[in-house]
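In what follows, a single structure is set out as structure tokens and then discussed.
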Amino acid sequence: MAKKIAIIGASGYTGAELIRLIATHPGMEIAALAANSSAGQSMAQVFPFLRHLDLPDLVTVDEVDFSAIDLAFCALPHKTSQQVIKALPKELKIVDLSADFRLQDPEAYRTWYGNDHAAVEMQGEAVYGLTEFYRDRIRTARLVAGTGCNAATGQFALRPLIAAGVIDLDEIILDMKCAVSGTGRGLRQDTLFAELSEGYHAYAVGGKHRHLGEFDQEFSALAGRPVRVQFTPHLLPANRGILSTCYLKGDAQAIHSTMEKAYADEPFVCVLPFGEPPSTHHVRGSNFVHIGVTGERIDGRAILVCVLDNLTKGSSGQAIQNANLMLGLDETEGLMMAPLFP
Numbered sequence: 025m026a027k028k029i030a031i032i033g034a035s036g037y038t039g040a041e042l043i044r045l046i047a048t049h050p051g052m053e054i055a056a057l058a059a060n061s062s063a064g065q066s067m068a069q070v071f072p073f074l075r076h077l078d079l080p081d082l083v084t085v086d087e088v089d090f091s092a093i094d095l096a097f098c099a100l101p102h103k104t105s106q107q108v109i110k111a112l113p114k115e116l117k118i119v120d121l122s123a124d125f126r127l128q129d130p131e132a133y134r135t136w137y138g139n140d141h142a143a144v145e146m147q148g149e150a151v152y153g154l155t156e157f158y159r160d161r162i163r164t165a166r167l168v169a170g171t172g173c174n175a176a177t178g179q180f181a182l183r184p185l186i187a188a189g190v191i192d193l194d195e196i197i198l199d200m201k202c203a204v205s206g207t208g209r210g211l212r213q214d215t216l217f218a219e220l221s222e223g224y225h226a227y228a229v230g231g232k233h234r235h236l237g238e239f240d241q242e243f244s245a246l247a248g249r250p251v252r253v254q255f256t257p258h259l260l261p262a263n264r265g266i267l268s269t270c271y272l273k274g275d276a277q278a279i280h281s282t283m284e285k286a287y288a289d290e291p292f293v294c295v296l297p298f299g300e301p302p303s304t305h306h307v308r309g310s311n312f313v314h315i316g317v318t319g320e321r322i323d324g325r326a327i328l329v330c331v332l333d334n335l336t337k338g339s340s341g342q343a344i345q346n347a348n349l350m351l352g353l354d355e356t357e358g359l360m361m362a363p364l365f366p
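In the numbering used here, the protein residues as written are 25 to 366.
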């Protein structure tokens, strides 16, 4: 029997992506869709591309009968998510797509998000949702915190190298290009067509991006010492995708071999032949990650490029991958669709 699923925050991009993926998932059935701002509307009204699906109408969170739900996805903005999750039934399995439970230290959360956490007692319960590295803990978790899409891309690129000690931990530069859907569906001046089209720009320059909190937490724990990367994101006039170019100090062939070994058995991570860089075109709309390693003309330097779809593997696909584990389903179920091309 299919597991009953609720999606809280179904009127945003990640909510719509969850619906798109679960619609053909053999082990899940959408039983409730909540979006307070759109309550009373059908999904066809909010997202016409989903009109062919037989979906429940949108309701407020308070109207959902969670006693009939096996797992809830929470696709709300940070600050809002923690308030909602705190009030949900204590036995309910939850995958949170916001930033609210990613950081284990309340002080770190306050530093990066500018407010005190409203559910501190749940921060220690939450399991970080980077599936390939935390799957054993995710299987038995009640609350899983999905990673940031930028944070996921950087970690797929760097975690094996930090663990293997094949790069200089004080010489890591992440230059990341991010599609505009990563900023959410809300109206913003800098994401208007005339403001964004035909150019791209850096933002959160100088160590100000909130996903640095995840990098600091995860890389430092992995290395057993503080690791601080240089990270600059850039906003692209594209709908989907993240491309991270990592500038590293280390032997390029050793880096490539380390990545091949680390991901040899991972169904969603593909390490390309040495010298072949990946493209966001080749992962669009999919749960796949492509990684390429190339040597540099400067001895002892390497360039690693990592790409994924920010809405799928960077958010909603990752969330379903985690939910599969939490519900005792096959980890890849509902997620092996081919990328969209062109």
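Where is the CB? At the ideal position from N, CA and C, for every residue including glycine.
Own chain residues within Cβ distance below 6 Å of residue i, not counting five before or after
| i | result |
| --- | --- |
| ILE31 | GLY39, LEU42, LEU57, PHE97 |
| LYS110 | ALA143 |
| GLY237 | LEU127, ALA132, TRP136 |
| PHE180 | VAL313, CYS330 |
| LYS117 | LEU95, ARG166, MET350 |
Alpha carbon of residue i to alpha carbon of residue j, nearest angstrom
| i | j | result |
| --- | --- | --- |
| GLN21 | ASP333 | As displayed, the chain neither begins before 25 nor continues past 366, which places residue 21 out of reach and without an answer. |
| GLY148 | VAL168 | 11 Å |
| ARG209 | GLN128 | 27 Å |
| LEU95 | SER122 | 16 Å |
| ALA142 | PHE298 | 47 Å |
| GLU222 | VAL251 | 36 Å |
| PHE292 | PHE312 | 5 Å |
| HIS225 | ALA262 | 13 Å |
| ILE322 | LEU198 | 18 Å |
| ILE344 | LYS273 | 35 Å |
| ASP275 | GLU242 | 23 Å |
| VAL317 | VAL329 | 6 Å |
| THR356 | GLY51 | 11 Å |
| ALA245 | THR48 | 37 Å |
| ALA176 | LEU154 | 7 Å |
| GLU219 | TYR37 | 20 Å |
| PRO184 | THR171 | 17 Å |
| SER205 | TYR152 | 23 Å |
| VAL253 | THR282 | 20 Å |
| ASN369 | GLY231 | Outside the modelled stretch of the chain, which goes from 25 to 366, sits residue 369, for which no answer is possible. |
Host beta strand (DSSP E) of residue i (start-end)
| i | result |
| --- | --- |
| ALA56 | 52–58 |
| ASP160 | No beta strand (DSSP E) holds ASP160; the alpha helix (DSSP H) holding it covers 155–163. |
| PRO301 | PRO301 -> no beta strand (DSSP E), and no H or E assigned at all. |
| THR318 | 313–319 |
| VAL307 | That residue, VAL307, is in no beta strand (DSSP E); it is neither H nor E in DSSP. |
| ILE29 | 27–32 |
| ALA169 | 167–169 |
Assigned exposure category for residue i - 16 Cβ within 10 Å defines buried
| i | result |
| --- | --- |
| ARG249 | exposed |
| LEU114 | The question names Leu, but residue 114 is Lys in the sequence shown. Flag for LYS114 reads exposed. |
| GLN342 | buried |
| HIS280 | buried |
| PRO130 | exposed |
| ASN348 | buried |
| VAL229 | exposed |
| LYS27 | buried |
| ASP354 | exposed |
| GLY189 | exposed |
| ARG75 | exposed |
| PRO415 | No answer is possible for residue 415: it lies beyond the span of the chain, which begins at 25 and ends at 366. |
| SER35 | buried |
| GLY265 | buried |
| GLY178 | buried |
Element boundaries [alpha helix (DSSP H), containing residue i]
| i | result |
| --- | --- |
| TYR287 | Looking at the DSSP string, TYR287 is not in any alpha helix (DSSP H), and its letter there is neither H nor E. |
| ARG212 | First-last for ARG212: undefined, no H or E at that position. |
| ILE186 | 173–188 |
| ARG325 | Unbroken run through ARG325 is the beta strand (DSSP E), 325–332; no alpha helix (DSSP H). |
| ALA343 | 341–350 |
| ALA132 | 130–137 |
| LEU42 | 37–46 |
| GLU145 | 144–147 |
Contacting residues, own chain, Cβ-Cβ under 8 Å from residue i (five flanking each side not counted)
| i | result |
| --- | --- |
| ASP89 | ALA56 |
| HIS258 | ASP199, MET200, LYS201, CYS202, TYR224, HIS225, ALA226, TYR227 |
| LYS337 | ALA176, PHE292, VAL307, SER310, ASN311, PHE312, VAL313 |
| VAL108 | ILE32, VAL85, CYS98, LEU100 |
| LEU260 | LYS201, CYS202, ALA203, VAL204, TYR224 |
Close beta carbons around residue i, own chain, < 7 Å, minus the five adjacent residues each side
| i | result |
| --- | --- |
| SER66 | ASP81 |
| GLU156 | GLU290, VAL293 |
| ASN139 | LYS103 |
| ASP192 | LYS273, GLY274 |
| ALA92 | LYS28, ALA55 |
| THR215 | VAL204, THR207 |
| VAL295 | MET283, GLU284, TYR287, ILE315 |
Which runs of the alpha helix (DSSP H) spanning at least 4 residues fall entirely within the stretch 60–128, listed in chain order? For the alpha helix (DSSP H) assignment, the uninterrupted runs of no fewer than 4 residues enclosed by the stretch 60–128 are, from N- to C-terminal side, 67–70, 104–110.
Could I get the ranges of all uninterrupted alpha helix (DSSP H) runs contained in the stretch 197–269, with 4 residues as the minimum, in chain order? Counting only runs of 4 or more, we get 217–220, 236–247.
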